[in-house]
Structures are given as C-alpha cells and as structure tokens.
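In UniProt numbering, the protein residues as written are 1 to 352.
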C-alpha cells in the first residue's frame, strides 16, 4: 500500500497499535479505490475527574505534583513523550493523541476539594507536565484559567511549562500570583525555524510568538525561563546557542534543556517522521540517538533519560553550560516560590 501523506497541521497520520488492546487490526489494500479525507478534525470528550493532583517521586523533575487538565494535546508535537499515555484510554498514541482529546471539565472544583483537605501540605504544583495547559482547545474550555483562579484564591504556588502563546490571556492572574511569589513560567522553545516548527510541532505557537510571550511575561513581573526541549541530533541541536540568546534577549531569566526522549510508541512515530521529512539524514539522526541511549532509542533510567550519555550528550551538556554562563542565566532552583502564604479561603494563615 502507498503510505499516507503527511497532513498539514498534524504531527502524524499514523495510529499505531494500542499496546493494551487484546486484538490487532491490520489494514490491507483490497484493490477498491476509497477517498480518504485529507484532514481530520479535533474531537473533545468530557471527563469528570475524581482527583486532579498527580504525584511523582522522580529525581529528574523539580516538582513532586502536577495537574493536567487535558489528556492528549492538539499541538501534535511528533516527539511528545506523553503520547504513550493515550493507550490507557483505549486510544492510539498516534493521530488519536492529537485529535481525540479529553477535557477534565470539573478540574477546578476537584482542585478546591483537594486543597481544602486538612492534611494537605503545600508545595508548588506544575501545570503542563504531560500535556500543554495552553493547547488550542483551552481557548474555549478555559480549564487552565479556572485552575489559576483557584490557586490564586488559595495563595498556592504554581509553575507552568507551555509552548502556547495563549498563556498571555491569563496575564492578569499570573501577574497577581507573581507579585506574591506564587508563579513561575517556562516557555518551551525548540527551534527558530518556522518551517521546521510547522512539521515538528504543527499546532504550537510560532517561535516569534513564544519569544513575545517571554517578553510580555517578564515586563509584567512574572518570573519566566526558557526550556530548550527537546534537542534532536542533526535536526535542531545546532540552534541551541541561538535559542538561548534569543530567549535571553526577550527577557528569560533561567534556562534548561532536555535531550530527545522516545519511549514506547513515540520511537516508531518519530522514525516515520524522519523518513517523511529528512530521509537523507534519518539514519545518521537515529545513530546519534542510539549512541546517547546505550545502543537503544530510549533509556528510561532516572538521571539518564533527560540528558543521555556518551560523546554527543556530553558535548551538548557542555555547550549548554557554557552558553548559559555567558548569557547570565540563573538556575531554575534559584527562583523560590512562597509556600508559607497558602491559606484556604476562610482559613487562618500561620503566625510564624
């Protein structure tokens, strides 16, 4: 069969097998001509969440709790490490991940319930650990904004990671949170090349829009940093210094980076993307990834999964460290948020 052509505005046209499904269906060409739609719309399903704060004990992450108001992400980034999580909902990590989305419409109400529990211990909550809280459907759903309103009322610190310029819609809330040392934003910046962005992150904000978001947030007094992620060998790694320079010029105070991660179904999807868009260098790219992952396309070990190992990974780390020092970036950990102000509405703040 002739492989399907890439769809404009989507990261992939493939829907690989759901690893939890008991049966595997294989499409075969029976010789009958069939019209296939050139585009596929976005479907949003509703979920009533029972809990909204997820916990982790990963030493690789600077937070131990997170909120994801959505499952799946319309940005369609082909490299997204969250794609395999869609299999838990009997959906494919491929095209389903970016077209069949789930919105937790009661997220704000459930958050209030969890924050009001007597035994709750305050620590910064991250928005955007698994899918982007400012993906396009947030414009209508407004779940992230409602979560921020709850966090502001409770004086609860929050960190945000996003590649969506829609974050500026909530500038009023973020500025108020920041004035009380309760908010920090990291803007994910992968490339300055619009054409690469179009295929790599089809529905994410343009590079210039993300740099503008950094500038506006900083001018409003919101602590903001840049996350150069993922760095992909022979695709965008040559841009690392330019990304840091552009972000610093826009006002970013801190910086971080991550090496490409290809867990489970992400690996074959990314391989297909390489062969579709960069066929002449695909073999070299995959070779460098394997050199950084102990001979495999992915290494899930704590301490290695974010940075990789080997010559290429070490060189990337040295380049980042040198550029960060030269540009005067702070470490993310230096931006401390205030957990002492946490107080449920109607409650009494601690005296000491």
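Think of the CB as a built atom: it goes at the ideal place given N, C-alpha and C, for glycine as much as any other residue. Being a predicted model, the structure only gives us computed values, none of them experimental.
Option nearest residue 253 by Cα separation, candidates 312, 330 and 306: Here the question's residue 253 lines up with position 253 in the chain shown. Residue 330 is the option with its Cα nearest to residue 253.
Kindly list the residues whose CB is nearer than 8 angstroms to the CB of residue 175, restricted to its own chain and excluding five residues on each side of it in sequence; keep chain order. What you label residue 175 is simply residue 175 of the chain shown in a count that begins at 1. Contacts found: 220, 221 and 222.
Under 8 angstroms Cβ to Cβ from residue 41, same chain only, skipping five residues before and after it: list those, please. Stepping through the chain shown from its first residue, residue 41 is reached at position 41. The residues are 99.
For the alpha helix (DSSP H) that contains residue 311, what are its first and last residues? As a first step, residue 311 is located in the chain shown; it is residue number 311 there, counting from the start. Run containing residue 311: 311-327, per the alpha helix (DSSP H) assignment.
Among 283, 210 and 255, whose alpha-carbon lies nearest the alpha-carbon of residue 234? As a first step, residue 234 must be located in the chain shown, where it is residue number 234. It is 283 whose Cα lies nearest to the Cα of residue 234.
Can you say whether residue 94 is buried or exposed, counting buried as having 16 or more other CB atoms within 10 angstroms of its CB? Within the chain shown, numbered from 1, the residue matching residue 94 stands at position 94. When all chains shown are included, residue 94 counts as buried.
Cβ separation of residue 325 and residue 241, assumed to be a contact under 8 angstroms, to the nearest whole Å: What you label residue 325 is simply residue 325 of the chain shown in a count that begins at 1. What you label residue 241 is simply residue 241 of the chain shown in a count that begins at 1. Actually they are not in contact, since the Cβ atoms of residue 325 and residue 241 sit about 12 angstroms apart, beyond 8 angstroms.
According to DSSP, is residue 345 helix, strand or coil? The residue given as residue 345 occupies position 345 in the chain shown. DSSP places residue 345 in coil when its eight states are reduced to three.
Proximity to residue 291 [Cα-Cα], best of 192, 260, 131 and 122: By one-based count along the chain shown, residue 291 stands at place 291. Out of 192, 260, 131 and 122, 260 has the C-alpha closest to the C-alpha of residue 291.
Can you give me the Cβ contacts of residue 296 inside the same chain, cut-off strictly under 7 angstroms, excluding the 5 residues immediately before and after it? Start at 1 with the first residue of the chain shown, and residue 296 comes out as number 296. If we look at residue 296 and ignore the five residues flanking it on each side, its Cβ neighbours are 290.
Tell me whether residue 174 sits in a helix, a strand or coil according to DSSP, three-state version. As a first step, residue 174 must be located in the chain shown, where it is residue number 174. Three-state result, residue 174: helix.
In angstroms with no decimal places, state the Cα-to-Cα distance between residue 126 and residue 209. As a first step, residue 126 must be located in the chain shown, where it is residue number 126. As a first step, residue 209 must be located in the chain shown, where it is residue number 209. Taking the straight line from one Cα to the other gives about 22 angstroms.
Let me confirm a value: residue 257 is counted as buried when at least 16 other C-beta atoms fall within 10 Å, else exposed. Which label applies? For the purposes of this step, residue 257 is taken as the residue at position 257 of the chain shown. Burial call: buried.
Give me, in chain order, the residues of the same chain whose beta-carbon lies closer than 6 angstroms to that of residue 104; leave out the 5 immediate sequence neighbours on both sides. Here the question's residue 104 lines up with position 104 in the chain shown. Within the same chain, residue 104 has close Cβ partners 47, 49 and 69.
Where residue 11 falls: helix, strand or coil (DSSP): Here the question's residue 11 lines up with position 11 in the chain shown. Coil, per DSSP.
First through last residue of the beta strand (DSSP E) which encompasses residue 230: Position 230 of the chain shown, counting from 1, holds the residue named residue 230. 224-231 is the span of the beta strand (DSSP E), which, as asked, contains residue 230.
Which listed residue (316, 218 and 303) has its alpha carbon closest to that of residue 61: The residue labelled residue 61 in the question sits at position 61 within the chain shown. The candidate whose alpha carbon is nearest that of residue 61 is 303.
With three or more beta-carbon pairs closer than 8 angstroms as the criterion, would you say the region 63-78 touches the region 101-118? yes
Under a three-way DSSP split, which group does residue 288 fall into? For the purposes of this step, residue 288 is taken as residue 288 along the chain shown, with counting starting at 1. Residue state, collapsed to three classes: helix.
Where residue 154 sits in the DSSP three-state scheme: As a working note, residue 154 is residue 154 in the chain shown. Looking at residue 154 - three-state DSSP - the assignment turns out to be coil, as it is neither helix nor strand.
Nearest-angstrom Cβ-Cβ length linking residue 66 and residue 54, presumed shorter than 8 angstroms: Sequence index remark: in the chain shown, residue 66 carries index 66 (1-based). Sequence index remark: in the chain shown, residue 54 carries index 54 (1-based). Right, the Cβ-Cβ distance comes to about 5 angstroms (below 8 angstroms), so this counts as a contact.
From the beta carbon of residue 248, is the nearest beta carbon of chain C less than 9 angstroms away? Structure shown: chain C not included; a single protein chain is present.
Environment of residue 57 [buried if 16+ CB atoms lie within 10 Å]: Position 57 of the chain shown, counting from 1, holds the residue named residue 57. By the 10 Å Cβ count, residue 57 comes out exposed.
Residue 229 and residue 188 closer than 9 angstroms at C-beta: Position 229 of the chain shown, counted from the start, is the residue given in the question as residue 229. Position 188 of the chain shown, counted from the start, is the residue given in the question as residue 188. Yes, Cβ-Cβ distance for residue 229 and residue 188 is below 9 angstroms.
Pick from 193, 169 and 116 that is closest to residue 216, judged by C-alpha positions: Along the chain shown, one-based indexing puts residue 216 at 216. Selected option, being the one with the closest Cα: 169.
Under three-state DSSP, which class holds residue 255? Residue 255 sits at position 255 when you count from the first residue of the chain shown. Residue 255 falls in the strand class under three-state DSSP.
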